[in-house]
Amino acid sequence: DYNDDEFVLPDAPEGAKGQVFTITSSKGGSGKSTVAITLGAYIALASKEASRQGLSSRPLKVCLVDLDTRDGQHWILMGARRPATVIDILGNGGPTEENIKDAVWSSDKTLCDYLFAPKRPRSAKEIPHSFYAELIQQLRSMYDIIILDTSVNYLDTLQESVAYPLSDKIIFVSDMGRSSILGCTRWIQEEMHSEELGENAIPKDKVGVVINKALPS
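Last residue of the sequence shown: number 225 in this note's numbering, and the count goes up by one each step with no gaps.
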């Protein structure tokens, strides 16, 4: 049972060492999901090559989680047909290691695993934030890198109460459009400098910015 009214972030399982990166934005079409998928593929493929050259003991295990719960498109972008989603994990009793393994979709091209968002936007209402917090912490014990691709509604409580606090790094994606740059400014003001957040404000050293679709000139 999950109760968001009494929600407290759970601890990761003992010995869990996975790092969590959150990719976020304030504007659709800025390339947020492209950055998330490309970053995951780059880490997985580069670590495989490093392992081949004897520079590391093994390739890193990477999982991408589509946290755009109402407009998740990873399964479309990856060409997955009739894949399982996080709804299946919830329906099977919660984010145990076994249930997660049954729900992940693996790509031979990117060498990453994927957990897809519900296909029906209304289904998102059935999944409480506490479930996602437990899922992310469980993934820390199964993967080296967990990449969360969020929605453009950066004030969504799922992001503020789960994704941002559990992240080791947060990457904000903007393109060169005026509205996108202004959105990036608003995000910095609201999430890093807002007096309302107090101690919950995101620290500067946790954040990076990607300027997408920019030409060298």
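Just so you know, even glycine gets a beta-carbon here, dropped at the ideal spot from N, CA and C. Quantities reported herein were computed from a predicted structural model and do not represent experimental measurements.
So, at 7 Å on beta carbons, what are the nonlocal neighbours of residue i in its own chain, with the 5 sequence-adjacent residues on each side left out?
{"i": "Gly216", "result": "Lys177 and Ile179"}
{"i": "Leu68", "result": "Ile51, Ala52, Ser55, Asp152 and Ile153"}
{"i": "Pro18", "result": "Ala141, Glu142 and Gln145"}
At the level of alpha carbons, what is the spacing between residue i and residue j?
{"i": "Pro211", "j": "Asp157", "result": "20 Å"}
{"i": "Gly206", "j": "Glu168", "result": "13 Å"}
{"i": "Ala88", "j": "Leu223", "result": "32 Å"}
{"i": "Lys214", "j": "Asp110", "result": "32 Å"}
{"i": "His137", "j": "Thr165", "result": "8 Å"}
{"i": "Ser175", "j": "Val28", "result": "5 Å"}
{"i": "Val181", "j": "Arg128", "result": "25 Å"}
{"i": "Ala20", "j": "Arg148", "result": "7 Å"}
What does residue i pair with, by DSSP beta-bridge criteria?
{"i": "Phe29", "result": "Ile155 and Lys177"}
{"i": "Ser182", "result": "Ile219"}
{"i": "Ser114", "result": "Asp121"}
Tell me which same chain residues have a C-beta within less than 8 Å of the C-beta of residue i, skipping the five on either side of it?
{"i": "Ser65", "result": "Ser59"}
With a CB to CB cut of under 6 Å and the five nearest residues on each side skipped, what residues in its chain are close to residue i?
{"i": "Asn100", "result": "Asn107"}
{"i": "Ala92", "result": "Ala111"}
{"i": "Gln197", "result": "none"}
{"i": "Lys40", "result": "Ile31, Ser33 and Val181"}
Relative to the C-alpha of residue i, which candidate in the options has its C-alpha closest?
{"i": "Gly80", "options": "Ser225, Pro21, Ile45 and Gly102", "result": "Ile45"}
{"i": "Val94", "options": "Ile189, Lys133, Ala209 and Gln27", "result": "Lys133"}
{"i": "Ile155", "options": "Asp74, Leu53 and Val16", "result": "Asp74"}
{"i": "Trp113", "options": "Ala141, Pro129, Pro103 and His82", "result": "His82"}
{"i": "Lys25", "options": "Val70, Lys127 and Lys117", "result": "Val70"}
{"i": "Ile189", "options": "Gln61, Lys35, Val16 and Thr165", "result": "Lys35"}
{"i": "Asp183", "options": "Gly37, Pro21 and Phe15", "result": "Gly37"}
{"i": "Leu123", "options": "His201, Val160, Gly39 and Thr77", "result": "Thr77"}
According to DSSP, simplified to helix, strand and coil, what is residue i?
{"i": "Asp74", "result": "strand"}
{"i": "Gly62", "result": "coil"}
{"i": "Val94", "result": "helix"}
{"i": "Asn107", "result": "helix"}
Would the C-beta of residue i count as close to the ligand FAD, meaning under 7 Å from any of its heavy atoms?
{"i": "Ser175", "result": "This structure lacks the ligand FAD; in fact it carries no ligand of any kind."}
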